[in-house]
Each structure stands twice: as C-alpha cells, then as structure tokens.
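Since the structure comes first, as structure tokens, the remarks are kept for the end.
And the structure:
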C-alpha cells in the first residue's frame, strides 16, 4: 500500500533510489505521506478521486507521453486494460471512470491482445457483447485467480503474450485455477458461517481460521458482509507448526461504516493495515487476534445504530407489468456501464405474483414467471434454489431488467433482486365512516337527480392511462410520497379486493364524492379506478385545484365492475320484492332486527340501496318508516304497480342513463 509506506520509501531513498508513489488507497490516519513525488487522485486533488490503481497508471502514462513531446492520447491504446481493471477493482463507475470504462469496453470488444481474446473464447463470451457485468463475473475472476491462489505470473503472461497458442493455453490454465478458487472459497464460506452461528448476533464479525487462503478471504468477507449486513474481517492464520508467522486479513464493509477507521480502532494489535472505507487488508500476530476482535467489535458497536444494521433494498422506480418490455430494457441500457457507484436500475413491482418456479443451471438458479397487472413476464433468480415468497401470494419484488439472448432470440427478462410478502399501508375509506342505518336514513331524503354540472370551477390536469393496469399507477403515485385518493364504484367491495396488495391511499366511491366534494380537496392525485356512471360525476373528476392531477386508470375489468355495481344499486325491481317478502314474513322490523333484515343475505345490500327500497315501498303505501324508533311497520298488503312511486321511476331512469354512459365509457377506453 504505497501511500502508507512512509518508512519503506525513506529506506529506498536512503539507499539512493529514486521513488515515485502511485496509489489510490486511503493515506495514514496521522496524515503523514511518503517523502517522494506522489501521483494519487485524492491526495493531489484530481477531479476524479475514485480512479483505481490502473486508472492512475493510465493518467501517469499519458502525462509521460506528453512530457516526452508525444501525444497524451497514445496511452489510450491500453484502454481495454484500464476498463478491465476499473471494473475488477470495484471502484465507483462515476465521473471519469464512466468514460474510461465506456470507451474501454469498446476497445475490449475489438482488442487485438491474444490473451484477452483467448480468455473470452474460454468463457464463451461474445466480444461484441462485452459489458461491465461480463468483465466483473467472467473475465476478472479468472485473471485474479492466479494471484489469489498462487502467483500472478500467469495472468501477467496472458496480458502480455503475442502468441495466440500460448494465450489459449494460459487462458485454460486460468480457467482451471478459477474452478479451484471457487472450491476453496466454498469451503471457507462454510467454515466462516459456522463461526458466525457460534458468535451469535453482533454488530461486526472478525472471523479467523487456519489454512484460509489469503487470496480468497476477501471474496468470502464480501459474501458474509452482504448476507448478514455486518462489517466483516476475515483472517487466514498460519498453520500451528509455523511459529512467528503472521496472519493475513481482508475486510469488507457495509454502507455507513468506515472499515479503515475500524482497523485504526484496533491498530495497536495489528502489524500493518491499509485500504479504504469499503475494503481493507491487514497483517496480525495470531496471539493478538482476540484483542483485535474486541476492539473492532466495540468500535462497530459505538458507531453503528439500528438503522445502519438493518438491510434496505434500493428502489429506483415503481413500474407496471405492462411496462416490462424490450423498449424499457433498451432505455435502461443507456445508463450503462453499471457497477459500483452506478448500480443497475432496481425496479419495484408491487403486488406481483411469482409462480411456476423451475430449477436451472444444475439446480443453482431458478427461472419463473412474474404476473403483475395481468401481464406475464419471464424472470430468473440467480444463486438460489427457491423463491423468497410463497408462489401465487402477492409480493413486493425488485428486479433488474435486461435483454437476454438465447439461441439467437433476444427478449426482455427480469432478474430478481429481492422479494417479500406484500405489507401495504392501510387503506382509508372516506365514505365508510358512518353507520349502516345512517346511510339508510340519508338516502330517504336524497335528491333523486344528481346536482347539475358546474363549469365555473378550476380544473385539474387530467392524465388518461385507460387500458393499462391501474395497480402500477396507484403504486407509483403512492411511492412518490404525495397524497392519493382513489375513486371507485363501491368502496367496501373495492377495499376488500385491494387490501393486502395495495395501500397507503384514501378510497372513496363516486357517490360518496358527490355527497361530499370536499373529500378530494386535500389530495395531490385523484386516481379514477372505476368509471363513473353519470355525466355529473364524470365532470366532477376534472374539477379541483390546478395543482392537482386526475388519472383515468380504468380498463375492461373495471368497466365491468362499475356496470355490475350500477345494476345492483339501481336495478331495484327484483330486490324490492325480496325485501317486501322478508318484511312481511317478519311482521315488520324493530330497532334490533332492522339492520340485519335490510342488509339481506351475505350482507349484499348497501345502506344506500336499502334506503332507496324503503323509500319506494313507503311511497307505495306498503310500509311506514319510523326513523326515531328505528322501525319499519307493514301497512296495506294490496298489489300495486312499482311505477306509481316517483322515486322508483327516477331510479329506473338513473339505471338506464348509467348503462348508456358506461357503454360510452367502454367505447372511449377502446
């Protein structure tokens, strides 16, 4: 770690050597720097402080070319190596690093280096499809395998050789080393997880084992840190028969914890250490292991709170099922290269169902189907043999979207990041806050015709998204943090349908809003889930503050639901006969039995509908309603025509008008 090698640089200069320090790691905590010319992006104040070591070397090479009278761009001949190293070293793909990787990937696709072309052939990687992900998961692990397990000579030879045959041989050798590295890594993971289980819940872990290969423990530390969301230091101890040998450690952090500061907290127990906030290395006398563990864990205990120790899933956008397609995948690709500092876009599907899971890749992965908003999409889950949620149960799931090519066919594919059962916020029903009988009595005096439309009120912005799944629109608006009101045909039935998959918004029926227009005043967005059944209700959708938005969100299923509700509420002929027979059989209804009798079988009759029926029967002289006592008494039993009731005639007219209006809404949506 050159930037912290103060004593080593002093010794070299004392011996008469000229020294230049190039590095990108964090300097010593005491601020002391080597006494030599330093090329370091953050120490020197370079605009892109996140350059990796190869990026620093690339900038130095360009400066040397320019200083010798040549062109600085001559160094760009090595951009394929710069991109390879920048991705492999997991530095932030932001600022200049993005340009270096973007241009370097293009150079890598057409590289003339026999070693890189041979390695792509061994890994079955199409040069024209080289991405940052392919570098990170296919090329870099094999190049690193030699240095992790043995010596880096083979990887160096691969990059330098001009002999295609030798390049192929070395590429196969590195591939075999990578297989060995994975086996070694798996063994250490099992041993490390066993130690975590024995130590129990801690804010950080220091794990150690004899024979743990120092070239692999960094990868394992990263896996343990990610799995348990805790800072982890892995230490490979020398064999018992090697007295005086030091242990070698590698650590990985989590967001919110400075790993290098954690090592400084236990520095008195270390021989050497260095690195940066996210990753660091150390050497230690095995006899000081327990003291270092206590100091490191104590520092984590004092530094990390419950919020930092609770894993969170990043969400970049809430999407609908019908938006998952090639067009969106291609747009997201424009944000590449992806990696540290610029992670792949995380898309949230709310209330999705994951089903039809099948193993793939020798049982290490899963392929399955995602259904959201009535749209099915193909999906995979890497590194797991089971889904995190029960099949067909609503789940909130995050995915990345990619274009997958298989046997010459390119199609969009979701890659699962995280899934959990739906736990939506409660739904607030604005028009269900009164008792059943109160709504019955109110309907006895309600106007038979809706209030006339007004044209002098301010108008909201109206956004038409009819014909697309409405759940996605509701989820996206709720996720924005703004207040959302959803309008529907029947609040009670809609709440039962939506509860458990969507939430965090207010719900109101069109009739409820007609009675109390002020309900909508405090909401930023009004989502019309079901179409209204009257022109006056339709006109009301656009009336409100100019800063509000109305979203027309219904499709064919919502139209059918609105029609069913309208028929149920205003098609009274058959229901009137049923209610009258029930009243006659019961000899009327007193305060104790009235609500149960009016609700009807399976609580199918709303308070408004029951009120309309009592109003018609009372106008026909068949019953008498005593509101004060909460009673209904039978009067004459003579047969009569329903059309003798003015209210029944008005309800029939409302029924026919609603049918026509909803048919016109059907045509508009189509």
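Numbering (the numbering used here), first residue to last: 113 to 782.
Every residue gets a Cβ at the ideal spot worked out from N, C-alpha and C, and that includes glycine.
Being a predicted model, the structure only gives us computed values, none of them experimental.
Under the three-state reduction of DSSP, residue 325 is assigned to coil, being neither helix nor strand.
The closest CA to that of residue 554, considering only 497, 475, 722, 618, is found on 722.
Residue 396 is not a Cβ neighbour of residue 331, given a cutoff of 8 Å. Residue pairing by DSSP places residue 540 opposite 618 in a beta bridge.
The continuous alpha helix (DSSP H) containing residue 217 extends over residues 208-221. Assigned with DSSP and collapsed to three states, residue 262 falls in coil, not helix or strand. Boundaries around residue 362 are those of the beta strand (DSSP E), 359-364, since no alpha helix (DSSP H) includes it. DSSP links residue 150 through a beta bridge to 133.
Residue 668 and residue 579 have their alpha carbons spaced roughly 7 Å apart. When the Cα atoms are used, residue 146 and residue 178 turn out to be separated by approximately 26 Å. For residue 635, no alpha helix (DSSP H) run applies, since DSSP gives it neither H nor E. The distance from the Cβ of residue 524 to that of residue 658 is about 38 Å, inconsistent with a contact at the 8 Å cut-off.
Going by C-alpha positions, residue 400 is about 10 Å away from residue 378. Short of 8 Å from the beta carbon of residue 698, and not among the five residues preceding or following it, lie these beta carbons of its own chain, in chain order: 705, 709. Cβ neighbours of residue 457 within its own chain (closer than 6 Å, five residues either side excluded): 428, 444. In summary, residue 741 is exposed, with fewer than 16 beta-carbon neighbours lying within 10 Å of its beta-carbon over all protein chains present. In the DSSP assignment, residue 533 falls outside any alpha helix (DSSP H) and within the unbroken beta strand (DSSP E) covering 521-533.
Residue 550 carries a helical assignment under DSSP once its states are collapsed to helix, strand and coil.
Taking one beta carbon from each stretch, the segment 623-634 and the segment 576-591 have fewer than 3 pairs nearer than 8 Å; the two do not touch. Taking C-alpha positions only, residue 729 is separated from residue 735 by approximately 6 Å.
Here DSSP, grouped into helix, strand and coil, assigns residue 470 to strand. As a beta-bridge residue in DSSP terms, residue 478 pairs with 471, 493. Residue 618 places its beta carbon 8 Å or farther from that of residue 645.
Residue 507 sits in a strand when the DSSP states are folded into three classes. A residue is called buried when at least 16 other Cβ atoms come within 10 angstroms of its Cβ; residue 430 meets this threshold and is buried. Per DSSP, the unbroken alpha helix (DSSP H) holding residue 649 starts and ends at 647-652. Counting only runs of 4+ residues, the alpha helix (DSSP H) found wholly inside the segment 649-708 occupies 668-682, 685-698, in chain order. When only Cα atoms are considered, residue 696 and residue 634 end up about 47 Å apart.
In this structure, the beta-carbon distance from residue 762 to residue 560 falls below 8 Å. Distance from the CA of residue 234 to the CA of residue 182, rounded to the nearest whole angstrom, comes to 37 Å. Going by C-alpha positions, residue 526 is about 6 Å away from residue 490.
For residue 661, the closest C-alpha among the options 139, 693, 636, 141 is that of 636. In this structure, residue 168 keeps its C-beta atom at 8 Å or more from the C-beta atom of residue 148. Excluding the 5 residues flanking it on each side, residue 206 has same chain C-beta neighbours closer than 7 Å at 162, 453, 454, in chain order. Per DSSP, the beta-bridge partners of residue 320 are 347. From the listed residues 737, 433, 409, 404, the smallest Cα separation to residue 342 is found for 409.
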